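K.L.:
Starting off with a structure, shown below.
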Amino acid sequence: MESPLVPYLPILAVLLLAGLMAMAIPALTTRLGPRSVNPIKSESFECGNPTLGTARQRFAVKFYVVALLFIVFDVEAVFLYPWAVNFRALGWFGYGTMLMFASTLVMGLVYIWKKGALEWES
Amino acid sequence: MKMKKWIEVSLAIGFIIGALYGLMAAAYGLSGLLEGLLKDKFGVSGGAGFANLLVLMLGCVMVIATALTLAERKWSAMMQDRIGPNRATIDIGPLKGRALGGVPHIVTDVLKLLTKEDFQPATASKFLFNLGPILAFAPVFALFAIVPVGPTLEVAGQKVGLYVANPDFGLLYMLGIASLAVYGTSLAGWASNNKFALLGGVRASSQMISYEVALGLSLVGMMIAFGTVQLAGPTGMSEMQGHYLWKATVGGLDVGIPAWGFLLQPVGFILFFAAAFAETKRAPFDVPEGESEIIGYFVEYSGMKFGLFMIAEFVEVVVLSGVLTAIFFGGWTLPFGNEALASVGFFQDHPWVLGALFATIFWVKVILLCYLQLAIRWTFPRFRYDQIQTLGWKILLPMGLVNLFVTGALILWDPTLRSLAIAGGLEIALIAAVTLVPRGGAKDEHAEDHGHGGHGAHGATDAAAPALAAHH
Chain V
2 MESPLVPYLP ILAVLLLAGL MAMAIPALTT RLGPRSVNPI KSESFECGNP TLGTARQRFA
62 VKFYVVALLF IVFDVEAVFL YPWAVNFRAL GWFGYGTMLM FASTLVMGLV YIWKKGALEW
122 ES
Chain W
55 MKMKKWIEVS LAIGFIIGAL YGLMAAAYGL SGLLEGLLKD KFGVSGGAGF ANLLVLMLGC
115 VMVIATALTL AERKWSAMMQ DRIGPNRATI DIGPLKGRAL GGVPHIVTDV LKLLTKEDFQ
175 PATASKFLFN LGPILAFAPV FALFAIVPVG PTLEVAGQKV GLYVANPDFG LLYMLGIASL
235 AVYGTSLAGW ASNNKFALLG GVRASSQMIS YEVALGLSLV GMMIAFGTVQ LAGPTGMSEM
295 QGHYLWKATV GGLDVGIPAW GFLLQPVGFI LFFAAAFAET KRAPFDVPEG ESEIIGYFVE
355 YSGMKFGLFM IAEFVEVVVL SGVLTAIFFG GWTLPFGNEA LASVGFFQDH PWVLGALFAT
415 IFWVKVILLC YLQLAIRWTF PRFRYDQIQT LGWKILLPMG LVNLFVTGAL ILWDPTLRSL
475 AIAGGLEIAL IAAVTLVPRG GAKDEHAEDH GHGGHGAHGA TDAAAPALAA HH
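See below:
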């Protein structure tokens with residue numbers, strides 16, 4: 002009796018191969034390329050000017066807002082998949098239920114839209 | 055001169071298609087052999103998957119992606135009226151001094167990248183800096199595993215299909231693995247400890263997660279239509295598209311309108327294409343790079359580490375074309391005549407001959423879609439970053455939700471999918487009308503009378519702008 006996981010062996014092989022290739026290709030450069038280190042070259046590149054401070058700084062809060070919104074709406078999409086696969090079996094009842102679920106999220110979308118969370122330039 | 059050029063081009067195209075056919079026939083043969091071997095020796099199935107891993111992913115995806123690095127330079131040269139790469143030559147016998155369409159440049163590019171210094175800034179986080187390109191490349195490459203390339207046939211007494219794996223969670227695997235790629239770019243940007251790289255990295259991650267929402271929503275319509283997230287196999291999305299919605303038989307040839315995804319879900323197709331295009335971070339969505347302003351998240355990378363980011367981009371183009379073909383363009387099926395072909399006696403005796411033919415059709419579709427992506431990349435101007443976010447959140451996301459529930463209602467109303475196809479046809483006509491009919495005609499003619507800029511660039515700006523302008 003075959004293990005039920007056997008059909009997924011090729012996927013495991015693909016992931017391993019992808020990881021190995023991604024590690025082997027840059028490793029080749031490390032072997033083949035020349036090496037010469039000097040302190041000026043090792044500075045981080047700022048268009049030829051002397052480096053000013055570190056890059057470990059705060060950055061615009063807008064990027065965090067997008068990340069928060071992403072979680073809300075991507076989880077919504079995840080909830081849609083099981084419904085989509087059983088769509089015909091659930092019929093109009095499932096459709097109505099999902100419409101209600103989605104409309105609460107659309108209200109959220111309208112709210113953040115009106116609040117200006119989606120305005121990049123402000 | 056003109057005639058000679060035509061002959062050369064058609065010979066090259068014929069050679070590519072012939073090579074693809076040969077590869078696909080070899081894929082079937084190797085799959086059958088390996089499947090049988092593994093079953094006899096170890097009693098496990100899945101040998102076909104390993105064979106396809108070698109032939110389809112290493113043999114086709116990687117080779118097409120590598121060839122695209124040249125194709126992009128050559129095609130962009132064609133579009134901009136330049137000659138393109140023609141300097142590298144192979145100085146052996148009759149080949150001496152001939153450009154060969156720039157093909158030697160593929161080899162010289164790889165050699166150049168491999169022999170560059172592997173540079174690391176002193177302030178970078180070593181481990182994460184090295185992890186960045188790995189995480190950018192590996193998920194993109196692994197994506198292709200679920201894409202079915204050809205029909206399932208009996209070869210050497212084994213039932214083999216031309217896919218690496220056929221899990222019943224196919225599309226979920228795709229969405230899950232695709233979202234891993236965002237770590238590569240954001241890690242690369244952060245670990246470089248460079249302000250430009252950091253800006254590129256946060257731009258990239260913000261853009262990619264914004265479009266992932268639309269990416270996820272755009273496919274729900276297709277999942278509803280076929281009631282599955284599986285791609286390969288007789289109940290998979292790819293093969294179900296080969297069934298006819300309306301069918302007629304004309305002189306033994308079956309013609310009709312197949313249930314291809316872009317006909318059932320034109321809006322879903324556009325959403326998916328736009329969102330996936332934004333995920334590839336290529337122009338017009340290339341603000342994470344913006345080579346003329348911030349250089350991007352890979353500014354500190356050199357040699358093949360940079361090359362890995364670059365090749366990941368091209369692999370993404372090929373994989374996206376493959377996924378689009380499988381979900382929206384009927385996979386390996388032809389729009390007509392599939393049944394007529396399958397009933398030919400010779401093909402029934404030697405199923406792999408027909409199977410390889412279908413698989414070749416798949417790859418031809420993939421290459422055409424690659425060309426479409428490169429054409430978009432070289433004709434559209436770059437979006438501003440606020441335009442990108444507006445497009446993702448204020449246009450694609452609401453459009454996806456509306457499309458989803460309209461599709462659902464149409465399917466519940468008519469489960470045969472025919473009214474969905476009619477609605478899809480109307481949507482395509484509407485989109486074509488909106489795109490082709492000039493808006494504000496007087497102004498356009500005025501601009502053209504005075505010869506402002508090239509026509510191509512003008513049209514491209516026009517096509518991109520209206521949807522965005524509507525919201526400002």
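Protein chains in written order, with the numbering used here: chain V, 2 to 123; chain W, 55 to 526. Quick reminder that beta carbons are idealized off the backbone N, C-alpha and C, glycines included. If you're wondering where the values come from, they're calculated on a predicted model, not measured in any experiment.
#1: In chain V, which residues lie less than 8 Å from Thr546(W) when you measure between Cβ atoms?
#2: Which value, in whole angstroms, describes the spacing of the CA atoms of Leu378(W) and Phe104(W)?
#3: In whole angstroms, what is the alpha-carbon distance linking Gly255(W) and Ala232(W)?
#4: Which one of Leu10(V), Leu33(V) and Val38(V) has the shortest CA to CA distance from Gln174(W)?
#5: Measure how close the beta-carbons of Leu271(W) and Gly224(W) come, nearest whole angstrom, since I'm counting them as under 8 Å.
#6: So Leu197(W) and Val107(V) are in contact, right, with Cβ under 8 Å, and what is the actual spacing, rounded?
#7: Using a C-beta cutoff of 9 Å, does Pro342(W) count as contacting chain V?
#8: Beta-carbon separation of Ala366(W) and Ala235(W) under 9 Å?
#9: Name the chain V residues that come within less than 7 Å of Glu354(W), Cβ to Cβ?
#10: Establish whether the CB of Ser85(W) and some CB of chain V are separated by less than 9 Å.
#11: Closer than 8 Å, Cβ to Cβ, to anything on chain W: give me those residues from the region 12 to 38 of chain V, in chain order.
#12: What residues of chain W sit near Val107(V), judged by a beta carbon separation below 9 Å?
#13: Looking at the unbroken alpha helix (DSSP H) that takes in Gln261(W), where does it start and where does it end?
#14: Using only the alpha-carbon positions, how far apart do Phe96(W) and Leu18(V) sit?
#15: Which two residues bound the contiguous alpha helix (DSSP H) that contains Asp75(V)?
#16: Take Phe382(W) and list the residues in its own chain whose beta-carbon comes closer than 6 Å to its own, dropping the five residues that flank it on each side.
#17: If you run the structure through DSSP and keep just helix, strand and coil, what is Thr489(W)?
#18: What did DSSP end up calling Ala501(W) once you bin it into helix, strand or coil?
#19: Measure the CB-CB distance between Glu44(V) and Thr489(W) and report whether it falls below 9 Å.
#20: Looking at Tyr439(W) and Trp114(V), is the spacing between their C-beta atoms short of 9 Å?
#21: Is it true that the CB of Asn184(W) sits closer than 9 Å to the CB of Pro1(V)?
#22: Starting from Pro288(W), find everything on chain V with Cβ-Cβ shorter than 9 Å and list it in chain order.
#23: Whose Cβ in chain W lies nearer than 8 Å to the Cβ of Phe60(V)?
#24: Within its chain, find whatever has a CB closer than 7 Å to the CB of Gly186(W); leave out the 5 residues flanking it on each side and keep chain order.
#25: Starting from Tyr96(V), find everything on chain B with Cβ-Cβ shorter than 9 Å and list it in chain order.
#26: For Met541(W), collect the residues of the same chain with a Cβ closer than 6 Å to its Cβ; drop the 5 residues on either side in sequence, then sort them by chain order.
#27: So which residues on chain V does Asp37(W) lean against when the C-beta distance must stay under 9 Å?
#28: Tell whether a beta-carbon distance below 9 Å holds between Leu318(W) and Ala268(W).
#29: List the DSSP bridge partners of Ile311(W).
#30: Given that Gly615(W) touches chain V, what residues does it touch there, using C-beta distances under 7 Å?
#31: Comparing the C-beta of Glu345(W) with each C-beta of chain V, is any distance below 9 Å?
#32: For Ala337(W), collect the residues of the same chain with a Cβ closer than 7 Å to its Cβ; drop the 5 residues on either side in sequence, then sort them by chain order.
#33: My understanding is that Leu273(W) touches Ala330(W), with C-beta atoms under 8 Å, so please give their C-beta distance in whole angstroms.
#34: For a quick check, are the C-beta atoms of Trp417(W) and Val203(W) less than 9 Å apart?
#35: Run down chain V in chain order and give the residues with a C-beta less than 7 Å from the C-beta of Glu481(W).
#36: Please classify Lys497(W): is it buried, with 16 or more other beta-carbons within 10 angstroms of its beta-carbon, or exposed?
P.N.:
This is what the structure gives:
#1: Nothing about residue 546(W) can be reported from this structure: the residues present for chain W run from 55 to 526 only.
#2: 23 Å
#3: 17 Å
#4: Val38(V)
#5: Going by Cβ atoms, the distance from Leu271(W) to Gly224(W) rounds to 18 Å, so no, they are not a contact pair.
#6: With a Cβ gap of about 31 Å, Leu197(W) and Val107(V) do not count as contacting.
#7: It does not; no Cβ of chain V falls within 9 Å.
#8: yes
#9: Ser45 and Phe46
#10: Among the CB atoms of chain V, none fall inside 9 Å of the CB of Ser85(W).
#11: Ile12, Ala14, Val15, Leu16, Leu18, Ala19, Gly20, Met22, Ala23, Met24, Ile26, Pro27, Leu29, Thr30, Thr31, Leu33, Gly34, Pro35, Arg36 and Ser37
#12: Pro452 and Leu455
#13: Its alpha helix (DSSP H) spans residues Lys249 to Phe280.
#14: 22 Å
#15: Lys63 to Val86
#16: Gly315, Phe316 and Phe323
#17: helix
#18: For Ala501(W), the predicted model reports a pLDDT of 44, less than 50, meaning its position is unreliable and no value from the coordinates is stated.
#19: Result no, Cβ atoms of Glu44(V) and Thr489(W) do not sit closer than 9 Å.
#20: No, the pair does not count as a contact, with Cβ atoms beyond the cut-off.
#21: This structure leaves residue 1(V) out entirely; chain V is present only between 2 and 123.
#22: Those do not exist, as Pro288(W) stays about 16 Å from chain V at its closest Cβ, beyond 9 Å.
#23: Leu252, Leu253 and Val256
#24: Gly238, Leu241, Ala242 and Ala245
#25: No chain B is present in this structure, whose protein chains are V and W.
#26: For residue 541(W) there is no data in the structure shown, the boundaries of chain W being 55 and 526.
#27: Here chain W covers residues 55 to 526 and nothing more, so residue 37(W) does not appear.
#28: no
#29: Trp300(W)
#30: The question about residue 615(W) has no answer, for chain W in this structure spans 55 to 526.
#31: No, Glu345(W) lies away from the interface with chain V (no Cβ there is under 9 Å from its Cβ).
#32: Arg431, Phe434 and Arg436
#33: The pair is not a contact, with the Cβ atoms about 10 Å apart (cut-off 8 Å).
#34: With respect to Val203(W), Trp417(W) sits close: the two C-beta atoms are nearer than 9 Å.
#35: By Cβ distance, chain V contributes nothing, its closest Cβ being about 20 Å from Glu481(W), past 7 Å.
#36: Because Lys497(W) carries a pLDDT of 49, less than 50, the predicted location of this residue cannot be relied on, and no value is offered for it.
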